[in-house]
Amino acid sequence: MKCKICRGEASIKLEAYNIKLCERDFLTFFERRITDAIKEYRMFSHQDRILLAASGGKDSLALWDVLFRLGYNVTGYHLDLGIPGSSEESLALCREFAQGKNGELVVDKLADILDGDIKQASIVMKKPACSVCGMIKRYRFNRLAEEKGFDVVVTGHHLDDEAAALLGNMLHWQEGYLARQYPVLQKRPGMVRKAKPLVYVSKKEIEIYARVRNIKFASSDCPYSQGATSIYYKKAVNQLEEDMPSTKIFFLKTFFSKYRGYFHEDKLEATGELHPCPECGYLTVADLCNFCFLKKRLAEKKAKKETSD
Ligand code: SF4
Ligand code: ZN
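What follows is the structure, encoded as structure tokens:
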């Protein structure tokens, strides 16, 4: 098989684009897709300070690697969830990556900020572990970015994540989520700018990139990922992609360019007045922000247990 660009020996086949590439031209192709997304959606510039959510998985480390190579000013942020058998490896890989690039990494430990782990947090909030975990990460990530003056926060969400999320949001007509599903969300009160530079590269392409660039990433899955509903939507879009290559990218791009405008965030969010949380100052529509509410519930549970012991 011949590389479409250099006509040399190709080792990579990308069905979604119906092309075959050698490793060198694949790297150029991959990085170009990320640069194009950054420019198309005006995600950030070389003057911006970028905070990157680094989980230790292939997506965030591949993104970090590309942004370093493109000369952006990036700092990694890792939340150590303290999950036995998975968190140790994730943190070690983030540290190793940052050291190898001479980059900065900020680490938060869940145990230092809450009186409980993800499982206990999920129980007191009566929500799935991933939903509570996502809330905690967004809160800490956003607060840190605000406090330390970062211009934008970036995450490693990729094409497969976004296509699956879009399918799930459409199946349940989650209008608020549909309004907020976009490769970049501008700064608004209490929220820094958010961007997803990997929005147009697939999981498969990221895996190839990580292998060719020799990036070491976490091999153990978080034990809570098994119960996530997103798995079903991912299975469905993967099946469609296998039978009809390029379905994912068409689905997502068409939504962004033609249909997202039907969902108006301002209208949908007008359910309550935003005011600063009395505990932490984070903007919320409730009495306490979700994070402080969780913190309070866990502290109460701990105090109750101590009195009964
Ligand atoms: Fe958090 Fe769920 Fe991801 Fe585990 S799988 S790290 S609980 S969001
Ligand atoms: Zn708060």
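Heads up: the sequence shown begins at 1460 in my numbering, then just goes up one per residue. From the three backbone atoms N, C-alpha and C, an ideal C-beta is built for every residue, glycine too. Nothing here was measured: the structure is a model prediction, and the numbers come from that model.
C-beta atoms of residue i and residue j nearer than 8 angstroms
i, j, result
"K1707", "A1654", "no"
"S1546", "D1539", "yes"
"I1577", "Y1718", "no"
"L1510", "V1612", "yes"
"D1702", "S1661", "no"
"F1715", "Y1641", "yes"
"V1696", "L1637", "no"
"I1674", "K1517", "yes"
"R1602", "Y1476", "no"
"S1519", "A1512", "yes"
"L1569", "G1541", "yes"
"F1485", "I1471", "yes"
"T1494", "L1529", "yes"
"F1750", "M1594", "yes"
"A1687", "S1549", "no"
With 16 other Cβ atoms within 10 Å as the buried cut-off, status of residue i
i, result
"P1656", "buried"
"V1691", "It should be noted that the sequence gives Tyr, not Val, for residue 1691. Exposed."
"H1616", "buried"
"T1766", "exposed"
Three-way DSSP call (helix, strand, coil) for residue i in this model
i, result
"V1525", "helix"
"G1627", "helix"
"E1468", "strand"
"P1682", "helix"
"L1618", "helix"
"R1672", "coil"
"E1548", "helix"
"A1677", "coil"
"D1567", "strand"
Extent of the continuous beta strand (DSSP E) run through residue i
i, result
"Y1536", "1532-1539"
"D1507", "No beta strand (DSSP E) holds D1507; DSSP gives it neither H nor E."
"A1654", "1652-1654"
Where the alpha helix (DSSP H) through residue i begins and ends
i, result
"V1658", "Here V1658 belongs to no alpha helix (DSSP H), and DSSP marks it neither H nor E."
"I1708", "1706-1713"
"V1696", "1689-1702"
"K1764", "1749-1767"
Residue i beta carbon near the ligand MG (any heavy atom closer than 7 angstroms)
i, result
"L1540", "For the structure depicted, the ligand MG is absent and the ligand set comprises only the ligand SF4 and the ligand ZN."
Note down, one range per segment and in chain order, each beta strand (DSSP E) of at least 3 residues found wholly within the region 1582-1613.
1611-1613
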